[in-house]
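K.L.:
Protein chains: 2
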Amino acid sequence: MAFDALETPFGKVDRIIGGSATYAAWAASNFIKPIHMVSIVGGDFPKEEIAALEERGATFEGLDVVPDGKSFFWSGRYHLDMNTRDTLVTDLNVLAQFDPKIPDSYQDCEYVMLGNLAPAIQISVLNQLKKRPKLVILDTMNFWMDIALDELKQALGMADLLMVNDSEARQLGGEHSIVKAAKKIQAMGPKYLVIKKGEHGALLFYEGKIFSAPALPLEDVFDPTGAGDTFAGGFIGYLARIGDTSFESMKAGIIIGSAMASYCVEKFGPTRLKELTAADIDNRVKEFVALSNFEIRE
Amino acid sequence: MAFDALETPFGKVDRIIGGSATYAAWAASNFIKPIHMVSIVGGDFPKEEIAALEERGATFEGLDVVPDGKSFFWSGRYHLDMNTRDTLVTDLNVLAQFDPKIPDSYQDCEYVMLGNLAPAIQISVLNQLKKRPKLVILDTMNFWMDIALDELKQALGMADLLMVNDSEARQLGGEHSIVKAAKKIQAMGPKYLVIKKGEHGALLFYEGKIFSAPALPLEDVFDPTGAGDTFAGGFIGYLARIGDTSFESMKAGIIIGSAMASYCVEKFGPTRLKELTAADIDNRVKEFVALSNFEIRE
């Protein structure tokens, strides 16, 4: 949970609520509760943001508030294609001292989403769980592949599903071919692999099978920040709600996650996510069905 | 119909049969006959290649053979990502004097595919048809947008469907957003627009509707030459076979075209296309169904 300052071709915001856990929780809260949050913030983090998420079923016993500290701050500028961005500022602030403690009240957690962070911290969270969760999703990025590959590989060995973008999958798998890279990554531990391709949709790999989900073609992507975390939140929230982690359910989960992400990018930060109704989500999912549905005649 | 010399990360061939019409005819011949060819070649073009296509139902009254001329020759080198290529040699040869004459025996043609060529030549073909065909598909490329935009716009006004790749759609529509570019292009004439995205599949636009087709994730793309023409040939061949040009049929046509293209790239040139059986095509189409099929549970 953090602050972001964002600049896109459509406008700019100086300081807005962000962070993987924020986006994922807003998305997941449409499908399941409670959502047990684990994060660290400074005394500067707005109490009303926490209250709003509590209202949606999030719990915050696992939130470390450092009263005299400052929350993580990231500032970035997106280019016109929205696939590339420049990081302008990264202030770790309280995140530098993050040592998550999992409360006893979280021990019944069956669906775990580990946001993009140092693999050592992700491993520490899993090690604190007394019972193996039903599903552990790991998010990561190229940065950790560059500076903490050994720990990342250890984390991969503990996860059921890895979520990365296509360039990260190529880097981690050491193969240009996405299919070959996926095989190498699956051999590192995660049975399931989700490769996010932005405007080109997402791929799900499981054993020898592949599912390809479209992205909704949008007139404008206003702000892509948090789209990946929103996707993950929708995905895991849906799976938790139906209580099933089969390949078939994950396919549907990816469509749900994609629908949530397609809303996320319509406004700055999590603004659009906060407004969504069940009918909005249902309509968007129907658009995905129409988008990808076909019938072959003889 | 032409010769290509190709170099990919997987190997190289010095002189192989190529050309839009060749690929499109091989693909379409799995679905429909006759296929009336219009092209120009030199005396160097192998008679056995023409005979092989005749065996598949292609007719060649519209083929201009210039005995003492040389066939069009293109040579190119693909990079590892297979999305970018360098043209090494373009010898127009007899293509420089191409002035297609449509034989009377072709006048009943209902499904017309205009391969990528000077828009003036594409227009000339359409002007020679006494009856408006049921479906006119236009292929083009950035080159014609740069040097013959006015003629291209005239050709667009005569076509039902334009087939281009994503960067060409952006250039022609003058918009970075694919959705906005599609609207601009549709306003130029073609009711239907197919945007090919290579390894990311294809999009079909019609009125306010969009269909997104996946690409089959492949371990290796051996040689992408002709994949777009193969896609077009499979697409139009399927539509001609079922005799319908509705949006629903076109969605299926795009899956068929994608299946054909996924085979094309497995070997150099049209080699793989020539080997295909009906069972091969059926199996590949089933893979596309499995790839994109999902069901949302409540």
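Residue numbers (my numbering), protein chains in the order written: chain A, 4 to 301; chain B, 4 to 301. Glycine included, every Cβ here is placed at the ideal spot set by N, Cα and C. Keep in mind the model is a prediction, meaning the values are calculated, not measured.
Ordered along the chain, which non-local residues of its own chain (more than five positions away) have a Cβ less than 6 Å from that of Ser81 (chain B)?
P.N.:
A small correction: the amino acid at residue 81 (chain B) is Tyr; Ser does not occupy that position in the sequence shown. Counting only Cβ-Cβ distances below 6 Å, and skipping sequence neighbours, we find Thr11, Arg88.
K.L.:
Within 10 Å of its beta-carbon, does Val92 (chain A) have 16 or more other beta-carbons around it, so buried, or fewer, so exposed?
P.N.:
Exposed, since its Cβ has fewer than 16 Cβ neighbours within 10 Å.
K.L.:
Interface residues of chain A around Val288 (chain B) at Cβ under 7 Å?
P.N.:
Near Val288 (chain B) (Cβ distances below 7 Å), the residues of chain A are Ile299.
K.L.:
Return the CA-CA distance between Val128 (chain A) and Phe101 (chain A), expressed in angstroms with no decimal places.
P.N.:
Using only the alpha carbons, I get a separation of about 11 Å.
K.L.:
How long is the line joining the alpha carbons of Lys251 (chain A) and Ala218 (chain A), rounded to whole angstroms?
P.N.:
Checking the sequence shown, residue 251 (chain A) turns out to be Glu, not Lys. About 19 Å.
K.L.:
Please confirm whether Ile105 (chain B) has its beta-carbon closer than 8 Å to some beta-carbon of chain A.
P.N.:
False, the Cβ-Cβ gap to chain A never drops below 8 Å.
K.L.:
Does any CB atom of chain B fall closer than 8 Å to the CB of Ser295 (chain A)?
P.N.:
It does: the Cβ of Ser295 (chain A) has a partner Cβ on chain B nearer than 8 Å.
K.L.:
What are the start and end residues of the beta strand (DSSP E) that includes Asp67 (chain B)?
P.N.:
From DSSP, the beta strand (DSSP E) with Asp67 (chain B) extends over 61-69.
K.L.:
Quick check for students: name the residue ranges of the beta strand (DSSP E) that lie wholly in the segment 28-103 of chain A, counting only runs of 3 or more.
P.N.:
If we require 3 residues or more, the beta strand (DSSP E) runs fully inside the segment 28-103 of chain A come out as 38-45, 61-69, 76-81, 88-94.
K.L.:
Does Pro193 (chain B) have its Cβ less than 8 Å from a Cβ in chain A?
P.N.:
Judged by the 8 Å Cβ criterion, Pro193 (chain B) is not in contact with chain A.
K.L.:
How about Lys133 (chain A) and Gln110 (chain A): are their beta carbons less than 8 Å apart?
P.N.:
Yes, they are a contact pair.
K.L.:
Which runs of the alpha helix (DSSP H) spanning at least 4 residues fall entirely within the segment 169-212 of chain A, listed in chain order?
P.N.:
List check, alpha helix (DSSP H) in window: 169-176, 181-190.
K.L.:
Establish whether the CB of Glu222 (chain A) and some CB of chain B are separated by less than 8 Å.
P.N.:
Answer yes: the Cβ-Cβ gap between Glu222 (chain A) and chain B drops below 8 Å somewhere.
K.L.:
Straight-line CA distance for Arg18 (chain A) to Arg173 (chain A)?
P.N.:
Approximately 33 Å between the Cα atoms of the pair.
K.L.:
Between Tyr209 (chain A) and Met161 (chain A), what straight-line distance do the alpha-carbon atoms span, to the nearest angstrom?
P.N.:
Computed Cα separation, rounded: 16 Å.
K.L.:
When DSSP labels each residue in this structure, what does Thr280 (chain B) get in the three-state scheme?
P.N.:
Three-state result, Thr280 (chain B): coil.
K.L.:
Could you pull the start and end residues of the beta strand (DSSP E) that Lys254 (chain B) belongs to?
P.N.:
From DSSP, Lys254 (chain B) is part of no beta strand (DSSP E) but of the alpha helix (DSSP H) over 250-267.
K.L.:
Under three-state DSSP, which class holds Val224 (chain B)?
P.N.:
Coil at Val224 (chain B), not helix or strand.
K.L.:
Which chain A residues sit within Cβ distance under 9 Å of Val182 (chain B)?
P.N.:
Ordered by position in chain A, the residues that pass the 9 Å Cβ test against Val182 (chain B) are Pro220, Leu221, Glu222, Asp223.
K.L.:
Can you tell me the Cα-Cα spacing of Val139 (chain B) and Gln125 (chain B), whole angstroms?
P.N.:
Looking at the two C-alpha atoms, the distance is approximately 11 Å.
K.L.:
Tell me whether the beta-carbon of Tyr26 (chain B) lies closer than 8 Å to the beta-carbon of Asp163 (chain B).
P.N.:
Taking 8 Å as the Cβ cut-off, Tyr26 (chain B) and Asp163 (chain B) do not qualify as a contacting pair.
K.L.:
Under 8 Å between C-beta atoms, does Ile19 (chain B) make it to chain A?
P.N.:
It does not: the Cβ of Ile19 (chain B) has no partner Cβ on chain A nearer than 8 Å.
K.L.:
By the three-class DSSP mapping on this structure, what secondary structure does Glu10 (chain B) have?
P.N.:
Residue state, collapsed to three classes: strand.
K.L.:
So, with DSSP's three-state summary, where would you put Lys156 (chain B)?
P.N.:
The answer is helix: DSSP assigns Lys156 (chain B) an H, G or I state.
K.L.:
Which residues share a DSSP beta bridge with Gly272 (chain B)?
P.N.:
Beta-bridge pairing links Gly272 (chain B) to no other residue.
K.L.:
Could you tell me whether the Cβ atoms of Met148 (chain B) and Leu175 (chain B) are closer together than 8 Å?
P.N.:
Yes, Cβ-Cβ distance for Met148 (chain B) and Leu175 (chain B) is below 8 Å.
K.L.:
Does the distance from the CB of Pro220 (chain B) to the CB of Val268 (chain B) come in under 8 Å?
P.N.:
No, Cβ-Cβ distance for Pro220 (chain B) and Val268 (chain B) is not below 8 Å.
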